Every structure is written in C-alpha cells, then in structure tokens.
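>
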Amino acid sequence: PALQLSKSELKKWQQQIDESMTPASRELPGVTVMLRTSTDADIISVNNVAGLLPGSDPVLRDEVVVAGAHYDHVGHQTGVPADQDSIFNGADDNASGTSLLLALAEAAGSLKQAPKRSILFIAFAAEEKGLLGSRAYVDAPLFPLEKTVAMLNFDMVGRNSPDTVSVCGTTRSPDLIRINEEENRAEGLHLKYDIENLFMRSDQASFARHKIPFLFYSSNLHPDYHKVSDHADKINAEKIARIGRLGFRVLMRIADSSEYYRFTEPGEKKK
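Okay, here's the thing in structure tokens:
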C-alpha cells in the first residue's frame, strides 16, 4: 500500500497536534516503512536599508566607512499553545544594534560639517539566515570594496554588565583596535576581547572576507539569546548609549582621516 500526503494535510495534522497538545503517533508492530519526501521552497525578497552621509573632502568623499547592524530576528516558535508567548522579539538581537545605528546616523547627520570620507549606514536583512544581507551587499556594493576603508558592526549591545563591551577585531584589525582603545578613554568602558569565536556569526565577516578592517561591538551572549524571553524590559538603554558614544567617536575618527588601516590574517605578524 502507498500513502501520499499533501503539504496542506500535513499542516492540518500539525495544527491539530499543536492545539490539543497530544501526540498523534502510535506504534505499528512488524511494519517497515519506506519514506520519500519532496520540499517546496518559498522565495521571499527582503531589503537592506542604507543611508549615505556624503563626505566633505573632494577626494576622500569617494572612500566610505560602513556602519552596520542587522534588523532581522528569528521569527516565531511553532508548537506553542495559543495562550503562551511564541514571538521572538529580539530586543537585544538585534533591536539594540539597530537603534544604536539609527542614533549614529542621526548624530552624524546633525554635524555642521560632514567628515572627509563618506559614511554608509546599513541595516542588514537576513543575518540570521546566514549573513545573507551583508553578503548581498559586498557582492553588489554601493561603493567599490577597494574604497571601503573600514566597517563597524553593532550586534546585541544592550545586555550583561553595564560598563563592559566585547570587541572583536584583535586578530584581524589591530589599527582599529588601537583607535578604539584611544577613543574609549573618554567613555571609560571596560573593553573585553572575548568574542573572537563569534567572528563568523555576524555581518562583519562578510567584509572581512574581502580584507576590509572591522570592529564588531557586542555585549556577548546571555540566557535569552534566540529565545522568546529576549524582551525590551531586560535592555540596558544607558549601556547602548555608552557603546554608541564610543562607536561614534571611532566612526568620526576614521571618517575624518586620510589614514588607512591594516587587515591581518590570523597568525600573520602585526608590525
């Protein structure tokens, strides 16, 4: 005997199981089943959102500093009773970084004179699906990648200790790490270099593949990471503001300079 099930029938069965919270499985002694499946992929288009502050220098305005944060999260949890929370709000991951990015853009846009280099603020889509938004950008950049001087990324910046920020870049971006430490003297945050293991898990990795120096700011992982409990009431807004002030100083220093910064591969000697 053969049994064919459609997608709609399977969805109906799953809905009944979810609503009743009762398994629909049962044992069939002595039965061997051969299963063949096929899947349909729904293609959904999403957009990166970018804003440009043109540089003020007639030559250096053709170079750009990118400030970025991903604005997507992981959606909703299936199989949850209707009276329970199933929405992944993503307050820290990454509404915190997106809010900081908007504040940076507003602050930079309010300057009486723009910095020498252009600044491109990008809210990336589909980071949670494999850095798809930032990968799409570097495949079709608004500025040539060889004119992209540096990238600053802000991902999960509103939790954990109120006076610390984790920074990734020590292995590959020693010049930017030095600048960040110098600019932090005014803010006094405790800088932790404990997220190099997360290097491939956020959008700076897409730029690093093209040897673009970067800094990745984060407050690191916490128990609410990728859970429905990542709520706004757990966010430390003052911490976001402090990281934002530091990020703004670093961003302006890079953008208002004619200096270029090293990108070093792991294991390469840093002179």
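Here the numbering used here is used: the sequence shown runs in plain steps of one and ends on residue 280.
A virtual CB, placed ideally from N, CA and C, is assigned to each residue, including glycine.
None of the values given here were measured: they were computed from a predicted structure.
From which residue to which residue does the beta strand (DSSP E) around Tyr146 run?
Unbroken run through Tyr146 is the alpha helix (DSSP H), Leu141 to Asp148; no beta strand (DSSP E).
> Can you tell me whether DSSP reads Gly99 as helix, strand or coil?
coil
> Do Pro124 and Leu62 have their C-beta atoms within less than 9 Å of each other?
yes
> So, are the CB atoms of Asp212 and Gly142 less than 9 Å apart?
yes
> Hey, could you find the ends of the alpha helix (DSSP H) Lys21 is sitting in?
Lys16 to Ser29
> Per the DSSP calculation, Asn162 is bridged to which residue(s)?
Beta-bridge annotation (DSSP): Asn162 is paired with Gly77 and Phe225.
> Considering only their Cβ atoms, is the gap separating Met261 from Ala112 smaller than 9 Å?
no
> Are Ile252 and Leu109 closer than 9 Å when you measure CB to CB?
Leu109 is positioned such that its CB atom lies closer than 9 Å to that of Ile252.
> According to DSSP, Ser175 sits in a beta bridge with which residue or residues?
Lys201 and Ser227
> If Ser228 and Ser266 are in contact, beta carbons under 8 Å, what's the gap, nearest whole angstrom?
Going by Cβ atoms, the distance from Ser228 to Ser266 rounds to 28 Å, so no, they are not a contact pair.
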